[in-house]
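Residue numbers (our numbering): 27 to 280. Beneath this line is the structure, given in structure tokens, with notes to follow.
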Ligand SMILES: [Ca+2]
Ligand SMILES: [Ca+2]
Ligand SMILES: [Ca+2]
């Protein structure tokens, strides 16, 4: 066998081996996010505010990993160092991740972390996303654990240091009295104190007006819609409009 033939045999054997390796390895294996493990956390730096996009697809729980509720699964990790003393909100919103969890710890060893704050479903609203407010201490490094509730996996956005989201407006009661309707409502927000929220109302297609609970409007007989929005101190406005449908029945008010 001349040198060229030997080279050809070697090449064919090598390609054959690759093929066999390919056959043996079978389907593409799941690849966990780079920050699946606590020790490989992504450093967010020490900015007073910021955001990061991530995923917990194929993320796992480690041995000795803290779960603030047993349903915390599929976790990924971040670190952030406080640039000053003070309250700093952190929130995580799912993009394709339907039900998030969020917990913050201090410490350098997974098995002996100190829990600082945690949340499953937003403390200010009624969604499945998560937010906490850290009473941050200048120079302290916080370990941030983003997870999925149970089997929930997907992509998410993590925010800190700002007013994370728009407030929500909720209905308490609706009372029709003759030509008037009285609507009681309240708001919820992640940062702004409830007493500092402002509200706008709109009857049917008329102009918006500043309002507060209890709002009373007069309308002719027939069906009507009152729309209500809340606004927080950062100017975020309710995404899901509170819609109150009512009917003025008395003909003498028509
Ligand atoms: Ca993990
Ligand atoms: Ca949740
Ligand atoms: Ca807000």
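The beta carbon of each residue, even a glycine, is placed where N, CA and C say it ideally should be.
Check your understanding: Counting pairs of beta carbons, one from the segment 78-94 and one from the segment 193-200, are three or more of them closer than 8 Å?
Key -> no
Point to revise | Distance between beta carbons of residue 111 and residue 162, contact taken as under 8 Å | key: Position 136 of the chain shown holds residue 162. Position 85 of the chain shown holds residue 111. Indeed they touch by this definition, with Cβ atoms about 7 Å apart.
Practice item. Consider the C-beta atom of residue 125 and the heavy atoms of ligand 2; say whether any pair is separated by less than 8 Å. Key: In the chain shown, residue 125 corresponds to position 99, counting from 1. Yes, the beta carbon of residue 125 sits closer than 8 Å to at least one heavy atom of ligand 2.
Review point. Where the beta carbon is closer than 7 Å to any heavy atom of ligand 4, which residues qualify, in chain order?
Key: Among the ligands present in this structure, namely ligand 1, ligand 2 and ligand 3, ligand 4 is not found.
Practice item. Please report the residue range of the beta strand (DSSP E) in which residue 281 lies. Key: Here the chain comprises residues numbered 27 to 280, so residue 281 is not present and cannot be evaluated.
Review point. Within 10 angstroms of its Cβ, does residue 127 collect 16 or more other Cβ (buried), or is it exposed?
Key: Indexing the chain shown from 1 puts residue 127 at position 101. Buried, since its Cβ has 16 or more Cβ neighbours within 10 Å.
Practice item. Return the residue from the list 192, 171 and 186 that minimises the CA-CA distance to residue 67. Key: The residue labelled residue 67 in the question sits at position 41 within the chain shown. Comparing Cα positions, the closest option is 171.
Review point. If we count the other Cβ atoms within 10 Å of its Cβ and call it buried at 16 or more, is residue 36 buried or exposed?
Key: One-based indexing of the chain shown puts residue 36 at position 10. Because the pLDDT of residue 36 is 43, which lies under 50, any placement of that residue in the model is unreliable, and the number read from its coordinates should be weighed accordingly. That one is exposed.
Practice item. Compare the beta carbon distance of residue 222 and residue 80 with 9 Å and say whether it is the shorter of the two. Key: Position 196 of the chain shown holds residue 222. Position 54 of the chain shown holds residue 80. No, the Cβ-Cβ distance between residue 222 and residue 80 is not below 9 Å.
Practice item. Reducing DSSP to helix, strand and coil, say where residue 233 ends up. Key: Within the chain shown, residue 233 is the residue found at index 207, counting from 1. Coil.
Point to revise | Three CB pairs or more closer than 8 Å across the segment 263-271 and the segment 185-194 | key: Three or more beta-carbon pairs separated by less than 8 Å link the segment 263-271 to the segment 185-194, which places the two stretches in contact.
Review point. According to the Cβ coordinates, are residue 226 and residue 259 closer than 9 Å?
Key: The residue labelled residue 226 in the question sits at position 200 within the chain shown. The residue labelled residue 259 in the question sits at position 233 within the chain shown. For residue 226 and residue 259, no; Cβs fall outside 9 Å.
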